[in-house]
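These notes are about the structure you will find just below.
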Amino acid sequence: TVSSIPVITNVKGITDTLYTEVAHTVAEKYNFRARQEFEQYHDDQTTDISSFDINGAVVNSDIVHDDPGYTNWRTLLMFDSFLNDENYVTANYMYNDLHSNSTRDVIGYHEHTTDSGGSRRKTNAGAFGYRVDNVARVERLSLIIGARIEDSSTQSQMSGSSKYYDYTLPGYTGPKPRLVESQLDDVPINETLRVTYRGIARTTLSFDADLEQRALHLSERDRHGGVNSDPDLSRQADIDMADQIYTFKAVRRLTRALKSTFKIRLKDLERSTTDQLDDSAFYPGYLDSYRTTGHEVSFATDYFLPNNATARLMYQFIHEGIETSLGGTTQNMEIHRGAGSLSFSPTKKLFLVSMFMLDNYTLNTPAAGVSASHAQGTAPFDFRGTSYSLLLDGTYYFNNRTSSTFGFQHTEAIGTSDFAGNYAFDTVKMMLKYKQTENQTVGIGYQFLNFNSHTGSFDDYSGHGLTATYAFTF
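Heads up, the sequence shown is in our numbering, so the first residue is 690 and it goes up one at a time.
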């Protein structure tokens, strides 16, 4: 049986933006800039969704009318200066006031519901950056530091009516009033540090530190009166975050045609949650506070071959673990990844790019119970698997106006890599393009897709697609 439901949508949107900007330079090196912006947007949308039975009678009909809009005030104060040949400084401030609102009317076949509400977000943010070269008179040693602090508050409210189950069921008395309110206070603080040394011939060493502290206060309330529904769902919580990410990177150009890159990254992400008001029946809060730690090691080598050909080999190891204050260790993940690529032009008119990638994925979760999964693993809900991908893309230029692109991809997973069981995926695509004029191009293309699930846990499918394109540049 083939059926269709027509959907008709009319959309009309109007936006207005006004701004004024003043810039001034003092002593030929201190640059000041101030900018005031105002933006207003209003949208009017009407969507008609109707379905009919075999005799043409209306089975269901919904006319949805949306009326969203917002106004935004933004103030920017900016400063930057090259103090001398080795020192650069910048400082910026932003105030933003975003006020949005919307109304939705749903005129249904059996009833009419209306929802309206809006939100307001006020933000104050300041940023500072400083760069110095030849630190402590060490040639080719540079330092970059930066800091950003933000204080924002968001309040929102939505009121209207809602229905909780089908109108044909016993006890249904029509839509019930509903009020949803929330407030979010957010204070993120970011610090960055980068040290770069280029004093060793053909070598670049760098160290990056990215730190963030964040304080969130969340308050939400959902009040409604309906059949089989709780009258008041509320929660208040304080969430404190402390993130640390450190990266060391070394790049060595061994010869003009050979470059190697080595990178180590360490991360420590902490989340501390304090529930001030909570209904355990709806939010058990099992994880509570938790901490994510991990590290990443990668090594890559780039080869610059004759005739503008390039090749790259890469290995990457990723480890990540999650610990919770209530549940202990909840997850350990390891990924071993190898990849290689080659790009070259066998002829003047043909350019090819090929790539190979192999992933070995392991996820260990201390879950209990019996799993009905077809996938292999050391315990229920554990994942182990390997996947690989082969890709080939190319472009052939027949002449200055006509060109063709083509591509092939084969991906196969063995075990439970990518959380999708054992599968194979293939795609072939090609497109022919013709440049009619300097700013107009037309094209026609074909694509074939094929997915095969080896375990039967997903439906197999294949598809053919045709595309036609027209591009116009101003």
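We put the CB at the ideal spot given by N, CA and C, even for glycine.
When the Cα atoms are used, R829 and Q1005 turn out to be separated by approximately 29 Å. In this structure, K701 is the residue among N785, K701 and L1039 with its C-alpha nearest to the C-alpha of G758. Here the alpha carbon of S1078 sits roughly 42 Å from the alpha carbon of T736. By DSSP's assignment, Q902 forms a beta bridge with I878 and A931. Here the alpha carbons of A723 and E717 stand approximately 18 Å from one another.
Under DSSP, P866 forms a beta bridge with S850. In the structure shown, the three-state DSSP call for V696 is strand. The Cβ atoms of D769 and N823 lie no closer than 7 Å to each other.
Apart from the 5 residues on each side of it in sequence, T981 sits with its Cβ closer than 6 Å to the Cβ of L958 and I1011 in its chain, given in chain order. Judged by DSSP in its simplified three-state form, V986 adopts strand. The beta carbon of L832 sits closer than 6 Å to those of V821, V824 and V884, all from its chain and outside the five residues before and after it, given in chain order. A825 sits in a helix when the DSSP states are folded into three classes.
Between Q933 and L900, the C-beta spacing is below 7 Å.
Inter-residue distance for I953 and E1009 is about 14 Å (C-alpha atoms, whole angstroms). The alpha-carbon separation between T1084 and F1137 amounts to approximately 18 Å.
By the criterion of a C-beta distance shorter than 6 Å, N761 is surrounded in its chain by E728 and L787, once the five residues flanking it on both sides are discounted. Exclusion of the five residues before and after V986 leaves I953 and F1006 as the residues of its chain whose Cβ lies within less than 6 Å of its Cβ. Secondary structure of H1143 (DSSP, three-state): coil. The Cβ atoms of N790 and G818 lie no closer than 7 Å to each other. Beta-bridge annotation (DSSP): G888 is not paired with any residue.
Distance check between T764 and each of L707, H731 and E1101 places L707 closest, using alpha-carbon atoms only. Exposed is the label assigned to A1160, since fewer than 16 other Cβ atoms lie within 10 Å of its Cβ. Check the Cα spacing between N813 and each of R826, R793, S842 and V869: the tightest is with S842.
Taking the CA atoms as reference points, K1118 sits about 19 Å from K1038. Contact between A1028 and F1045 holds, since their C-beta atoms are separated by about 7 Å, short of 8 Å. Within the same chain, and ignoring the five residues on either side of V940 in sequence, the residues whose Cβ sits closer than 6 Å to its Cβ are T893 and T950. For D756, no beta strand (DSSP E) run applies, since DSSP gives it neither H nor E. Distance between Y1123 and D1115, taken at the CA atoms: about 27 Å. Counted as a single uninterrupted DSSP element, the beta strand (DSSP E) harbouring A1000 occupies residues A998 to T1013.
Looking at the DSSP output, K701 bridges to D733. Per the coordinates, the alpha-carbon of T1126 lies some 58 Å from the alpha-carbon of R867. For E909 against R924, the beta-carbon gap comes to about 5 Å, under 8 Å, which counts as contact. Here A716 carries a coil assignment [DSSP, helix/strand/coil]. In this model, A931 and D875 are separated by some 14 Å (Cα to Cα). Close CB contacts of A989 within its chain, under the 6 Å cut and outside five residues either way in sequence, are with T950 and M1003 (chain order).
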